[in-house]
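Just so you know, the protein sequences line up as chains A and B, in that order.
The first sequence runs 127 to 551 under the numbering used here.
The second sequence runs 127 to 551 under the numbering used here.
We treat Cβ as the ideally placed atom computed from N, Cα and C, and that holds for glycine.
Number of protein chains: 2
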Amino acid sequence: MTDPTAINSAVVAVGDELLFGMTVDGNGSWLSKKLTEMGAPVSARWVIGDDPTAIKRTVLTALGKSDLVIVCGGLGPTSDDRTRPAVADLFGLKLVIDQGLADKLHGRFSSAGHGTLPTNNLAQAEVPEGSIVVPNYEGTAPGLIIEEGKKSVVLLPGVPHEMRLMFDSTVTDYINQRFQLYLNPILHRTFNTSGIPESLLAEKIGEHVADFPSDVSLAFLPGLQGVSVRLTTTVSSGEGIANLDFCENLIGPHLNPYCYSVGEKSLIEAVADRLLIDKKSFAVSESCTGGFISKLITDYPGSSRYFKGAIVAYDPATKSDILGIERSLIEKHGIVSETIASAMAEKTADIMNTDFAIGLTGVAGPEGGSLACPVGTVCYAVAGGGRVVSFRKRFMGDRTSIRERATQAALFSLFQILTKNTGLR
Amino acid sequence: MTDPTAINSAVVAVGDELLFGMTVDGNGSWLSKKLTEMGAPVSARWVIGDDPTAIKRTVLTALGKSDLVIVCGGLGPTSDDRTRPAVADLFGLKLVIDQGLADKLHGRFSSAGHGTLPTNNLAQAEVPEGSIVVPNYEGTAPGLIIEEGKKSVVLLPGVPHEMRLMFDSTVTDYINQRFQLYLNPILHRTFNTSGIPESLLAEKIGEHVADFPSDVSLAFLPGLQGVSVRLTTTVSSGEGIANLDFCENLIGPHLNPYCYSVGEKSLIEAVADRLLIDKKSFAVSESCTGGFISKLITDYPGSSRYFKGAIVAYDPATKSDILGIERSLIEKHGIVSETIASAMAEKTADIMNTDFAIGLTGVAGPEGGSLACPVGTVCYAVAGGGRVVSFRKRFMGDRTSIRERATQAALFSLFQILTKNTGLR
Chain A
127 MTDPTAINSA VVAVGDELLF GMTVDGNGSW LSKKLTEMGA PVSARWVIGD
177 DPTAIKRTVL TALGKSDLVI VCGGLGPTSD DRTRPAVADL FGLKLVIDQG
227 LADKLHGRFS SAGHGTLPTN NLAQAEVPEG SIVVPNYEGT APGLIIEEGK
277 KSVVLLPGVP HEMRLMFDST VTDYINQRFQ LYLNPILHRT FNTSGIPESL
327 LAEKIGEHVA DFPSDVSLAF LPGLQGVSVR LTTTVSSGEG IANLDFCENL
377 IGPHLNPYCY SVGEKSLIEA VADRLLIDKK SFAVSESCTG GFISKLITDY
427 PGSSRYFKGA IVAYDPATKS DILGIERSLI EKHGIVSETI ASAMAEKTAD
477 IMNTDFAIGL TGVAGPEGGS LACPVGTVCY AVAGGGRVVS FRKRFMGDRT
527 SIRERATQAA LFSLFQILTK NTGLR
Chain B
127 MTDPTAINSA VVAVGDELLF GMTVDGNGSW LSKKLTEMGA PVSARWVIGD
177 DPTAIKRTVL TALGKSDLVI VCGGLGPTSD DRTRPAVADL FGLKLVIDQG
227 LADKLHGRFS SAGHGTLPTN NLAQAEVPEG SIVVPNYEGT APGLIIEEGK
277 KSVVLLPGVP HEMRLMFDST VTDYINQRFQ LYLNPILHRT FNTSGIPESL
327 LAEKIGEHVA DFPSDVSLAF LPGLQGVSVR LTTTVSSGEG IANLDFCENL
377 IGPHLNPYCY SVGEKSLIEA VADRLLIDKK SFAVSESCTG GFISKLITDY
427 PGSSRYFKGA IVAYDPATKS DILGIERSLI EKHGIVSETI ASAMAEKTAD
477 IMNTDFAIGL TGVAGPEGGS LACPVGTVCY AVAGGGRVVS FRKRFMGDRT
527 SIRERATQAA LFSLFQILTK NTGLR
């Protein structure tokens with residue numbers, strides 16, 4: 127991005143429903159990812175309402191900093207769709223009938239059996255004079271491209287599947303041609319970790335950042351699923367790849383014990399891949415996560431190839447009645463104990479007839495905690511391969527965070543056992 | 127909003143991961159909704175990178191148009207978190223150690239068993255001189271409020287659950303106090319329905335819209351959880367409430383058979399409330415939803431008072447082995463049948479010793495469908511009160527949508543049985 131000849135882009139999402147917070151701006155993220163990968167990184171995004179003044183002001187501001195501005199939304203036929211006239215007005219362009227669009231409208235109208243197209247419906251065929259039409263194969267509102275000197279403004283509808291198809295089928299080619307010499311694709315490499323906080327990771331790998339080539343930057347992306355560490359280079363050639371390799375060699379050994387995937391793969395997918403490769407099956411008994419582990423696993427199509435089922439032993443009686451864990455064992459060790467988690471894992475592998483099983487018991491809160499076993503305490507165990515490994519952890523946060531962190535921790539233990547801790551690479 | 131004394135707000139989301147499109151800006155939508163409801167509507171949102179110059183320029187621009195600017199993201203302990211120093215610099219404020227924050231950081235780190243606090247973590251205790259600290263109960267990065275004349279800039283972390291809790295527990299009160307005279311809340315009344323498509327609902331209640339007072343508008347919000355019907359008025363006094371009452375009297379009778387709650391209450395919460403009032407317990411056996419129903423139920427604290435557990439019979443063998451459903455019955459009727467769903471519900475109520483139970487079996491896809499039982503086919507049953515009621519439905523959409531719709535449909539049937547279809551009001 128320090129290259130003065132490189133272009134950058136901007137995205138403006140238009141729609142009152144976005145500003146009211148009724149709709150999440152998924153288009154903005156989708157376009158950002160596409161534009162970044164193409165080498166036209168997004169320098170800023172805006173979300174504004176269906177207001178002609180705001181549309182004109184924002185497009186003008188965006189054009190001041192960026193060579194390519196994508197405006198998304200407000201192209202429909204109804205009166206609250208203001209983008210087309212506002213942008214035409216900004217550039218002092220008349221709205222004129224596009225004969226191709228008019229013919230298509232006439233055709234669609236009569237083939238639907240509505241007779242002749244009423245004159246006011248023809249407004250949908252009006253385009254700013256001299257603009258390029260982007261065909262919409264899935265809806266009525268066409269996209270439009272307006273060129274101003276060396277810069278371009280692209281108007282697309284806000285309906286996500288229409289917008290995405292139009293971008294992929296037409297706009298991508300347009301951008302590649304028009305900005306050919308200035309595109310600068312960005313390369314990422316993302317290491318997804320579990321079981322270590324961001325600050326400790328930063329401490330472990332921070333010392334190496336000084337040795338990074340100047341084109342490579344490092345980012346930490348923390349979340350309830352763990353911390354992802356991302357290397358980014360703006361050098362898109364083989365040199366960029368070599369530089370990422372160089373940095374990976376520096377930080378890789380520190381990441382390896384905690385890393386379950388490189389790239390987009392989730393922990394669940396990493397576990398699933400390993401179970402499929404090894405042709406192993408697994409099952410779960412969970413109490414405080416209440417079906418969360420099972421739900422996450424079955425989110426993925428084809429999970430029946432390795433996942434046999436789950437017992438949500440939410441009531442202590444279920445642990446003894448269905449799993450067959452002796453009540454005396456529960457009384458002796460307490461329901462939240464490594465002993466009970468281990469028994470749950472073993473009994474589950476037995477009942478469900480699987481190679482591996484997870485057992486998990488804990489206190490997700492906000493109630494039910496005690497001095498000996500405060501809210502956030504979770505015991506989990508993995509049975510399989512002739513042994514049982516158990517853990518006792520205390521997770522921070524609210525009920526949702528505790529449940530998500532416990533789920534992730536138990537699955538990461540299964541992953542470690544499946545991979546025998548040998549790391550990814 | 128035409129009131130010149132009314133305030134408006136702006137939201138700035140900071141993070142390279144947002145501009146790269148790797149993360150969707152869910153914080154922006156969430157804050158937009160909250161601020162709109164509070165009466166501080168959002169006039170524009172920005173998404174920018176972890177770049178001090180961009181942060182300073184954008185906050186300055188936002189302050190030019192808005193009285194309240196919320197900046198979200200870039201407050202963490204690592205070197206790519208630039209918001210705090212950038213905003214401090216913009217206002218010419220020194221960064222000083224806040225002793226309360228420093229003490230909390232030390233305590234938190236050692237009690238989590240990570241040893242001594244790394245030096246780079248202490249930076250999180252630095253605040254712009256004179257700023258107000260917003261406590262973060264779930265993470266280490268505190269929020270900050272900087273007042274500039276009659277305007278306020280609020281800095282919050284980008285981690286969604288931390289940000290939300292901080293906004294709800296502290297920032298809301300702050301905004302209500304500081305902008306008390308200028309807030310212009312919007313009144314909503316939302317009727318949440320299940321089991322009826324948007325078009326049919328629109329047909330049933332459309333004729334009444336002409337009789338609505340002019341300040342009340344109607345919106346249909348379809349989603350995987352069902353269709354919500356929302357009445358909105360910009361008159362926030364008693365007159366607005368009376369107008370909403372008037373409209374509810376018109377459309378209420380049509381909504382009642384499908385409505386499980388008015389307001390924010392989810393279907394799960396509506397079911398839970400009823401079970402608690404009636405002192406009844408329940409359990410679930412689910413196959414294609416794979417733990418989804420159980421997970422949703424146990425998302426709520428205190429669910430152990432009415433929920434005993436679940437069996438995720440993801441493998442057909444589990445249905446016979448654990449639930450004790452005869453294999454001959456499965457062979458005769460097919461695994462996806464009302465007979466098997468009913469058997470699952472009855473056996474589950476029996477095994478788990480509950481008053482009610484749901485049994486659910488189906489094909490979530492994308493694979494596993496057949497001519498007789500295409501992808502999306504789901505059979506579910508509710509056992510309890512001496513009878514079993516079963517259903518066979520075909521849900522549209524992808525795997526996620528089918529699983530969510532099936533979950534919702536089964537829970538709505540339980541709700542109808544618990545309320546004996548008498549409606550809400």
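Closest option to T526 (chain A), judged by alpha-carbon separation, among B:K519, B:L497 and B:K421: B:K421.
G364 (chain A) sits away from S430 (chain B), with the two beta carbons spaced by 9 Å or more.
For the pair Y426 (chain A) and A228 (chain B), the Cα-to-Cα distance works out to about 43 Å.
In the DSSP annotation of this structure, P348 (chain A) is not part of any alpha helix (DSSP H); the continuous beta strand (DSSP E) holding it starts and ends at V342 to G349.
Taking a cut-off of 8 Å on C-beta distances, the region 184-194 of chain B touches the region 132-145 of chain B, as three or more cross pairs fall below it.
For K458 (chain A), the nearest beta carbon of chain B is not closer than 9 Å to its own beta carbon. Pairing V355 (chain A) with A443 (chain A), the inter-Cα distance amounts to about 43 Å. Annotation for L282 (chain A): the continuous beta strand (DSSP E) segment containing it runs K277 to L282. In summary, the residues of the region 439-456 of chain A whose CB is separated from some CB of chain B by less than 8 Å are A439, Y440, D441, A443, T444, D447 and I448, in the order they occur in the chain.
Taking a Cβ-Cβ threshold of 9 Å, the residues of chain A close to L145 (chain B) are S158, T162, P167, V168, S169, A170 and R171, in chain order.
Check the Cα spacing between I423 (chain B) and each of A:R234, A:S413, A:G428 and A:A467: the tightest is with A:S413. The way I'd put it, the region 316-329 of chain B doesn't touch the region 282-291 of chain B; fewer than three beta-carbon pairs between them come closer than 8 Å. With its beta carbon at least 9 Å from every one in chain A, E395 (chain B) lies outside the interface. The alpha carbon of G233 (chain B) has as its nearest neighbour, out of B:N302, B:N247, B:E273 and B:H380, the alpha carbon of B:N247. By the neighbour-count definition (other C-beta atoms within 10 Å, threshold 16), L161 (chain B) is a buried residue.
Every alpha helix (DSSP H) stretch that sits fully inside the region 162-224 of chain A and reaches 4 residues is listed by chain position as 178-191 and 209-216.
A direct Cα-to-Cα measurement between S392 (chain A) and G275 (chain A) gives close to 44 Å. Residue burial annotation: M522 (chain B) is exposed, with fewer than 16 other C-beta atoms found within 10 angstroms of its C-beta. For R518 (chain A), the closest Cβ of chain B is not nearer than 9 Å. With its beta carbon less than 9 Å from one in chain B, T424 (chain A) belongs to the interface.
In its chain, beyond the 5 residues on either side, C414, T415, G416, F418 and A490 have a beta carbon closer than 8 Å to the beta carbon of R529 (chain A).
In the pairwise beta carbon analysis, the region 449-464 of chain B is classified as touching the region 477-492 of chain B: at least three pairs are separated by under 8 Å.
Under a criterion of Cβ atoms nearer than 9 Å, the residues of chain A adjacent to F418 (chain B) are, in order, G417, S420, K421, T424 and D425.
For K519 (chain B), the secondary structure class from DSSP, reduced to helix, strand or coil, is strand. Counting along the chain, G364 (chain B) sits inside the alpha helix (DSSP H) bounded by residues G364 to L381.
When Cβ-Cβ separations below 9 Å define contact, F482 (chain B) makes no contact with chain A.
Residue environment: R210 (chain B) is assigned as buried (16 or more neighbouring CB atoms within 10 Å of its CB, all protein chains considered).
Residue contact with chain A for H287 (chain B): present (Cβ-Cβ distance below 9 Å to some residue of chain A).
If you look at H314 (chain A), you'll find it in the beta strand (DSSP E) that goes L313 to T319. For E264 (chain A), the CB contacts under 7 Å within the same chain, skipping 5 residues up- and downstream, are H287, E288 and L291 in chain order.
With a contact defined as Cβ atoms closer than 8 Å, A483 (chain A) and F408 (chain A) qualify at about 6 Å. For E264 (chain B), the closest Cβ of chain A is nearer than 9 Å. Against S192 (chain A), chain B offers no close residue; the least beta-carbon distance is about 12 Å (beta-carbon pairs closer than 7 Å). For Y386 (chain A), the secondary structure class from DSSP, reduced to helix, strand or coil, is strand.
When the beta-carbon positions are compared, V397 (chain B) and L540 (chain B) come within less than 9 Å of each other.
For K434 (chain A), the three-state secondary structure derived from DSSP is strand.
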